[in-house]
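See structure below.
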Amino acid sequence: MKLKKLLKKLNVFLHAEEQLQHDKDEALANVLKKLKKKEMKLQEEIDLETDEVERKFLEQELKIVHSQREKGIGLLSEIRGRNPEKDSKA
Amino acid sequence: MLNNKLSRILLPTIFIVLAYGFWLSPDFKAISAGVAIFLFGMLALEEGFRAFTGGTLEKILRRTTNRLWKSLSFGIVATTIMQSSSLVSVITISFLSAGLIGLSEGLGIVFGATLGTTTGAWLVAGFGLKVNIAAYAMPMLVFGVILVFQSERRLKGFGYILAGLGFLFLGIHYMKEGFEAFRGTIQLAEYAVGGLAGLLLFTAIGVAATVIMQSSHATLVIIITALAAQQITYENALALAIGANIGTTITAILGSLSSNERGKQLAGGHLIFNVVTGLVAIVFIHPFMHGVEHISDVLGIAADDYTLKLAVFHTLFNLTGIVLMVPLIGRLVWLLEKMIRVKPTRIAVPKFLNESALVFHDTAIEALRNETLRVYKHARNIIARGLSLSREDMLSDLPIEDVINKNNIPIPFDIDAAYEKNIKSLFGAILTFSSRVPGEAQSSHEISRIRNANQNIIAALKGIKHMQQNMFKYIDSDNEQIRHEYNRIRTRIIRVMRRLEKISSGHEDEPDADVTVLSLDALKLTLEENSATLNERIEGLIRSHDITADMGISLINDSNYAYDIISNLIAVNSNLFHAEAKAETEAEHMIALDDHEISSVLDEDAK
Numbered sequence: 009m010k011l012k013k014l015l016k017k018l019n020v021f022l023h024a025e026e027q028l029q030h031d032k033d034e035a036l037a038n039v040l041k042k043l044k045k046k047e048m049k050l051q052e053e054i055d056l057e058t059d060e061v062e063r064k065f066l067e068q069e070l071k072i073v074h075s076q077r078e079k080g081i082g083l084l085s086e087i088r089g090r091n092p093e094k095d096s097k098a
Numbered sequence: 031m032l033n034n035k036l037s038r039i040l041l042p043t044i045f046i047v048l049a050y051g052f053w054l055s056p057d058f059k060a061i062s063a064g065v066a067i068f069l070f071g072m073l074a075l076e077e078g079f080r081a082f083t084g085g086t087l088e089k090i091l092r093r094t095t096n097r098l099w100k101s102l103s104f105g106i107v108a109t110t111i112m113q114s115s116s117l118v119s120v121i122t123i124s125f126l127s128a129g130l131i132g133l134s135e136g137l138g139i140v141f142g143a144t145l146g147t148t149t150g151a152w153l154v155a156g157f158g159l160k161v162n163i164a165a166y167a168m169p170m171l172v173f174g175v176i177l178v179f180q181s182e183r184r185l186k187g188f189g190y191i192l193a194g195l196g197f198l199f200l201g202i203h204y205m206k207e208g209f210e211a212f213r214g215t216i217q218l219a220e221y222a223v224g225g226l227a228g229l230l231l232f233t234a235i236g237v238a239a240t241v242i243m244q245s246s247h248a249t250l251v252i253i254i255t256a257l258a259a260q261q262i263t264y265e266n267a268l269a270l271a272i273g274a275n276i277g278t279t280i281t282a283i284l285g286s287l288s289s290n291e292r293g294k295q296l297a298g299g300h301l302i303f304n305v306v307t308g309l310v311a312i313v314f315i316h317p318f319m320h321g322v323e324h325i326s327d328v329l330g331i332a333a334d335d336y337t338l339k340l341a342v343f344h345t346l347f348n349l350t351g352i353v354l355m356v357p358l359i360g361r362l363v364w365l366l367e368k369m370i371r372v373k374p375t376r377i378a379v380p381k382f383l384n385e386s387a388l389v390f391h392d393t394a395i396e397a398l399r400n401e402t403l404r405v406y407k408h409a410r411n412i413i414a415r416g417l418s419l420s421r422e423d424m425l426s427d428l429p430i431e432d433v434i435n436k437n438n439i440p441i442p443f444d445i446d447a448a449y450e451k452n453i454k455s456l457f458g459a460i461l462t463f464s465s466r467v468p469g470e471a472q473s474s475h476e477i478s479r480i481r482n483a484n485q486n487i488i489a490a491l492k493g494i495k496h497m498q499q500n501m502f503k504y505i506d507s508d509n510e511q512i513r514h515e516y517n518r519i520r521t522r523i524i525r526v527m528r529r530l531e532k533i534s535s536g537h538e539d540e541p542d543a544d545v546t547v548l549s550l551d552a553l554k555l556t557l558e559e560n561s562a563t564l565n566e567r568i569e570g571l572i573r574s575h576d577i578t579a580d581m582g583i584s585l586i587n588d589s590n591y592a593y594d595i596i597s598n599l600i601a602v603n604s605n606l607f608h609a610e611a612k613a614e615t616e617a618e619h620m621i622a623l624d625d626h627e628i629s630s631v632l633d634e635d636a637k
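The listed protein sequences derive, respectively, from chains A and B.
Following this note's numbering from start to finish, the first sequence increments by one per residue and tops out at 98.
Following this note's numbering from start to finish, the second sequence increments by one per residue and tops out at 637.
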């Protein structure tokens, strides 16, 4: 049992860099998911908003979220070593 | 409250009594004018010395008061030069309040000042009444006033000193002339009361005269001139001098009203010293008189030269006071500290930064973040008050327009004092604690973000401080346009504060709740957008003469400060927000748009 635990620890130590990369990948993907959710929520709010000024503000925010998603997708693709264009469709 | 009512009644009463006196006697008018000119000279002197404070004077003060004999000598010399123990006392109170000197040093100066002030009696008795001092006053006034018009601070200060001395001498001249003429009409000596009753009565008159004129010097001058004109008896003059010595503490007491407890302690010490000295002089008046006779004989002062004898008496009883009180200075300090307790300054102390938090990296970071959030909360209060608002109103759900309309009067607020009390100590503790966080954590993003957040808070407060003066001037200005523009600045800051509050509260129904760091980018965009349109609008206002060029300059500067405040507030939150998972916070910071990317979105929007 002790040996098994030790081996597991050794494995984590030897693959620390990979693990870090994996965590980064996962975190970016999670944030991107949240941003997508936010984008959809904002779009819904824009559709329902009747006040012109408030709608403009929401539209601006949507543009920001869109730019953030684009940037995030680019970063994720870099990590995964893929084409960002292809990833954005995902 | 009572003070206000009293001063409301007192001032008109004094005016009526004086006007009646002027109507009755032109000589009384000349004496009063002399006193007024004398006091005006004192004001000018004070103004002049003020020009030399803050630099050389402070340095000298610190170096020359570190020993009791030094502070005593300082008091004597300074008062001899300035010819006003009140001025020296008030300056000493201000230094004590500022914490530059301690109470015993302050008392040393004040004791010395009481001896130094006796040189005034010598000056007037030996010099003032025998030479036409107005002849010196005139050139002093002329040179002084020319120098007052100079722009250089020190020259101006020197001008005030010279003009002040000129007015002092001119005042003495007028008082002297008034009493000379008075001599023929009323014989004050006829009202002289002998014995203990007379002694106490004239002591009380001396106190009252000095309290009214706020200058023992002026009273002494009146005593000496009246004595020279044989208006009062020698004994009554001595009692008046004792009274003047007690009454002179009024200026220090008044000066201490606006100071802290330390200043009040010094004024209390001054009062105790002068009352004790006065009592000793009253009780031992006959031995004192014998002493004066003896000294006068030694000095070769004529038996009927009462004015010089008064100067000897004044010096003798003040010297006795010093001899009596100096050994008791330690006890006096103890008594004063017990009577007037210094309220412990409630400087904010760290709540989360403790040794146990340093054991683990994560707990240390969490402690630092929580402490920084406390600093931010204090800063939020300062920002609200700096904008003449209450924190509750600033962060309420009320429409911003209503908040602005409700708080449309500038409310004074000392940002520096609030910073000293609530921010500085915590900021220092955070920096020290962060430098003690163990190992690799030192170079982590988290630590550097927390440090940055603290610096952002300080920068935002600096901006508020810079803006406060003009904000005060313009939020209730008669010019509607400038008032509107300054309220617009307030509105922008309130809006950002509310938005940041909402994002940080992390309500689930908030679309930003999941991505707090990223949600700040929208605020950055609004900030850039506002700043881009602002200059154009200000130029338009100046062109249409809705605001003056001066107002425009103030507005441009303050808009820049507002920009800095807002961007620093956004940065504080960006540095402090964090997702549940550490990796996600890092991911959010990676995705957050930089200034260039924000500008690109803005450009796209413009198209």
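The beta carbon of each residue, even a glycine, is placed where N, CA and C say it ideally should be.
- A/L56 has its alpha-carbon roughly 32 Å from the corresponding atom of B/Y593.
- Distance from the CA of A/L18 to the CA of B/R520, rounded to the nearest whole angstrom, comes to 59 Å.
- B/A227 sits exposed, since fewer than 16 C-beta atoms from the chains shown fall within 10 Å of its C-beta.
- A/K79 sits buried, since 16 or more C-beta atoms from the chains shown fall within 10 Å of its C-beta.
- Annotation: B/S604 to B/V372 spans about 41 Å, alpha carbon to alpha carbon.
- Fewer than three Cβ pairs drawn from the stretch 605-625 of chain B and the stretch 569-585 of chain B lie within less than 8 Å of each other, which leaves the two stretches out of contact.
- The continuous alpha helix (DSSP H) containing A/E60 extends over residues 60-88.
- Inclusion of B/F197 and B/L171 in the CB contact set at 8 Å is warranted, their separation being smaller than that value.
- DSSP, reduced to helix, strand and coil, places B/G330 outside both helices and strands of the structure shown, so it counts as coil.
- Sequence-ordered contacts of the stretch 60-84 of chain A with chain B read Q68, E69, K71, I72, S75, Q76, K79, G80, L83 [C-beta pairs closer than 7 Å].
- Residue range 475-504 is occupied by the alpha helix (DSSP H) that includes B/S478.
- For the pair B/N484 and B/S584, the CB atoms are not nearer than the 8 Å cut-off.
- At a Cβ-Cβ threshold of 8 Å, B/P380 and B/E396 do not count as neighbours.
- The stretch 326-406 of chain B contains, as complete alpha helix (DSSP H) runs of 4+ residues, the segments 336-355, 359-369 (chain order).
- Listed along chain A are D31, K32, E34, A35, each with a C-beta nearer than 8 Å to that of B/A613.
- Around the CB of A/E69, 16 or more other CB atoms lie within 10 Å, so the residue is classed as buried.
- E616, A617, E618, M620, I621, L623, E627, V631: these are the residues of the stretch 616-633 of chain B whose beta carbon lies less than 7 Å from some beta carbon of chain A, given in chain order.
- Leaving aside the five residues that flank B/T393 on each side, the residues in its chain whose CB is nearer than 6 Å to its CB run, in chain order, A387.
- Among the residues facing chain A, B/V526 is not included, as its CB has no counterpart in that chain under 8 Å away.
- Considering only B/I453, B/L403, B/G321, B/V306, the residue with the shortest C-alpha distance to B/A378 is B/I453.
- For B/S101, the closest C-alpha among the options B/Q113, B/M112, B/V118, B/H320 is that of B/V118.
- Using a Cβ distance threshold of 8 Å, B/L250 and B/A274 count as a contacting pair.
- If you check the CB distance, B/I488 and B/F457 come in under 8 Å.
- Around the beta carbon of B/V467, 16 or more other beta carbons sit within 10 angstroms, so the residue counts as buried.
- Between the alpha carbons of A/F21 and B/Y406 lies a distance of about 39 Å.
- When DSSP states are grouped into helix, strand and coil, B/F314 belongs to the coil group.
- By alpha-carbon distance to B/N290, the top candidate from B/E367, B/L329, B/L309 is B/E367.
- Burial of B/D551 is indicated by the presence of at least 16 other C-beta atoms within 10 angstroms of its C-beta.
- Contact check between the stretch 346-364 of chain B and the stretch 425-437 of chain B: fewer than three CB pairs, one atom from each, fall below 8 Å, which does not count as touching.
- Here B/I131 is not near B/T109, since their CB atoms are 8 Å or more apart.
- B/L137 is classed as buried because its beta carbon has at least 16 other beta carbons within 10 Å across all chains shown.
- Just so you know, the alpha carbons of B/T263 and B/Y336 end up roughly 9 Å apart.
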